[in-house]
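Add 133 to the 1-based position in the sequence shown for our numbering, that's all there is to it.
Think of the CB as a built atom: it goes at the ideal place given N, C-alpha and C, for glycine as much as any other residue.
Structure first, commentary second.
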Amino acid sequence: MGLHRMTIKAKLLASFGLLAAIVVALSGFSIFALDGANERFTGFVDGVNARVMLVNRIRSAVDRRAIAARNLVLATTDEERVFEKAEAERAHEEVQAGLAELEARLAAPGVTDRARQLGGDIRRIENAYGPVALGIVKLAADGQREAANQKINAECKPLLDALVKAVKVYASVGAELSKRALQEAQARAAWLRSIVIGVSLASVALAVGLGLVITRRLLRALGTEPAVLNEITRKIASGDLAPMPHAQAAPKGSVLESMAAMQRSLAEIVGAVRGAASAISVGSAQIAAGNVDLSSRTEEQASSLQQTVSTMEQLTVTVRQNADNARQANALSVDASAVALKGSAEVGQVVETMGDISRESVKIGEITGIIESIAFQTNILALNAAVEAARAGEQGRGFAVVASEVRTLAQRSSSAAKDIKELIGASLEKISTGSGAAEQAGRTMHEVTLAVEKVTAIIHEITQASEEQTGGIEQISYAMGQMDQVTQHNAALVEQAAAASQSLEQQGQELDRAVASFRLA
134 MGLHRMTIKA
144 KLLASFGLLA
154 AIVVALSGFS
164 IFALDGANER
174 FTGFVDGVNA
184 RVMLVNRIRS
194 AVDRRAIAAR
204 NLVLATTDEE
214 RVFEKAEAER
224 AHEEVQAGLA
234 ELEARLAAPG
244 VTDRARQLGG
254 DIRRIENAYG
264 PVALGIVKLA
274 ADGQREAANQ
284 KINAECKPLL
294 DALVKAVKVY
304 ASVGAELSKR
314 ALQEAQARAA
324 WLRSIVIGVS
334 LASVALAVGL
344 GLVITRRLLR
354 ALGTEPAVLN
364 EITRKIASGD
374 LAPMPHAQAA
384 PKGSVLESMA
394 AMQRSLAEIV
404 GAVRGAASAI
414 SVGSAQIAAG
424 NVDLSSRTEE
434 QASSLQQTVS
444 TMEQLTVTVR
454 QNADNARQAN
464 ALSVDASAVA
474 LKGSAEVGQV
484 VETMGDISRE
494 SVKIGEITGI
504 IESIAFQTNI
514 LALNAAVEAA
524 RAGEQGRGFA
534 VVASEVRTLA
544 QRSSSAAKDI
554 KELIGASLEK
564 ISTGSGAAEQ
574 AGRTMHEVTL
584 AVEKVTAIIH
594 EITQASEEQT
604 GGIEQISYAM
614 GQMDQVTQHN
624 AALVEQAAAA
634 SQSLEQQGQE
644 LDRAVASFRL
654 A
């Protein structure tokens with residue numbers, strides 16, 4: 134994986150891992166060097182320096198032994214002689230113990246041949262000098278001061294000088310070895326110091342280089358300082374979507390470039406939402422106004438339908454009365470027909486029958502007048518119903534057809550009533566002219582019979598028309614009731630739509646206020 138493809142986390146881990154590895158390696162090397170120096174120093178202390186100190190201790194014991202021997206020769210009392218003799222013997226034991234330890238140390242590995250040789254010289258001289266020193270002590274202890282002095286001068290001094298010289302030579306050689314070891318330690322310490330300083334400086338340089346490289350790559354990846362990104366993020370979070378001044382020089386693929394793209398996209402989205410919110414607010418206001426107008430019109434339509442229903446109820450009552458009158462007229466026409474038949478056989482009752490017919494004809498004229506009036510009113514009501522059906526639109530189409538049929542029946546009823554009126558007029562004229570003409574009674578009765586039969590047929594048609602009108606009006610009333618229910622339901626739906634449109638208008642206004650908090654420029 135290339136360095137430019139590594140993530141920031143991987144780069145930081147790799148950099149700090151490398152520095153940590155260098156520190157660990159340097160620490161390990163320093164520990165190893167310190168262990169080596171400690172081992173060499175321990176070897177020096179336990180080796181050369183210990184042997185030099187041991188030789189000096191042997192010389193000190195030799196000197197104390199010689200001084201005790203001299204003091205013993207010079208002692209004048211027994212107590213002094215006893216004390217100095219014990220001191221000489223104790224010093225002699227220390228010399229022997231020191232020599233034994235020296236020989237043991239010289240036998241250890243790593244000791245030079247020169248040191249062993251010098252140690253052997255000390256042992257050889259001490260082997261010769263020790264018995265002489267003990268002999269002097271014995272002579273002095275026995276009171277033979279002259280013999281002890283002679284022995285000191287003749288034997289002890291040359292051996293003592295030789296032993297001291299050997300000890301000095303060994304000490305000087307030890308000192309030389311100590312000086313050489315110190316020089317080597319100093320040289321090695323300087324070498325180690327140079328290595329540690331060099332590696333430390335290299336580590337510092339590497340750390341600075343890696344810091345600069347990582348910082349430059351981080352700045353290139355971020356596009357600007359983290360504080361600037363934090364400020365831009367805070368502005369976007371607060372709704373400030375104005376163009377970024379730093380985005381022009383943002384490196385490609387950096388966080389700043391991505392945030393600038395995000396800001397532009399958010400600005401476009403918020404602009405579109407703001408336009409849509411304004412359109413929703415205006416549209417919802419228009420819908421609310423339209424629903425209010427529609428609600429008013431629906432209420433007016435419901436009122437008109439209620440008036441129409443009331444009118445249809447009145448028309449139903451009138452038509453029912455018309456049907457009742459038509460049935461009565463039909464019964465009267467049947468009676469008139471029976472009377473006409475009887476009149477042809479009973480000419481003697483012609484005048485009375487003609488009077489009855491005249492009275493019945495007057496009633497029929499009144500009834501036909503009523504029928505004509507009802508037909509006229511039915512025609513007017515059917516015309517009004519047709520107009521109302523036309524105003525109702527698609528829902529009143531069936532009602533318009535029924536109204537047209539009612540109007541046709543009313544016109545037919547009016548025409549039949551006119552015909553009846555004309556026939557009754559003719560009958561009255563014939564009755565008035567035929568009252569004195571008995572011979573014409575048969576013919577007149579025949580004509581009356583025919584007229585009555587026609588009246589019966591016409592009244593039967595009027596009866597049928599009235600029944601049809603009744604059925605049609607009932608259908609119209611049912612249809613009007615359905616239309617009234619539909620209109621009431623529509624009115625309720627219009628009120629719900631008006632409430633919903635008002636709520637939509639409020640939400641649109643709230644959306645306008647919410648979007649207005651964003652600043653796009």
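L146 sits exposed, since fewer than 16 C-beta atoms from the chains shown fall within 10 Å of its C-beta. A contact between stretches requires three or more CB pairs, one per stretch, nearer than 8 angstroms, and the segment 260-272 meets this requirement with the segment 193-212. For G268, the enclosing alpha helix (DSSP H) covers residues 246-274. By the neighbour-count definition (other C-beta atoms within 10 Å, threshold 16), I255 is a buried residue. Around the beta carbon of T348, fewer than 16 other beta carbons lie within 10 angstroms, which makes this residue exposed.
With distances taken between CA atoms, I258 lies nearest to R192 out of R192, Q277, E309.
In the three-state reduction of the DSSP assignment, E227 falls in the helix class. In the structure shown, the three-state DSSP call for G161 is helix. Nearest in C-alpha terms to F509, of all of S547, K496, F149, is S547. Residue state for S387 is assigned as coil, using DSSP reduced to three classes. For V181, there is no enclosing alpha helix (DSSP H), as DSSP marks it with neither H nor E.
CA-CA distance, M186 to L293, rounds to 19 angstroms. When rounded, the separation of the alpha-carbon atoms in T210 and V265 is 23 angstroms. Between the beta-carbon of T577 and that of K563 there is about 5 angstroms, and that keeps the pair under the 8 angstroms contact cut. By a beta-carbon distance limit of 8 angstroms, A543 does not contact I609. Their separation comes to about 13 angstroms.
By the Cβ-count criterion, R326 is exposed, with fewer than 16 other Cβ atoms from all chains shown falling within 10 Å of its own Cβ. Closest in alpha carbon position to A201, among E220, N189, A183, is E220.
Taken atom to atom, the span from the alpha-carbon of K385 to that of Q419 is near 48 angstroms.
With 16 or more other Cβ atoms from the protein chains shown falling within 10 Å of its own Cβ, E638 counts as buried. In this structure the segment 547-556 does not touch the segment 526-537; the number of beta carbon pairs closer than 8 angstroms is below three.
Taken through DSSP and simplified to helix, strand or coil, T210 comes out as coil.
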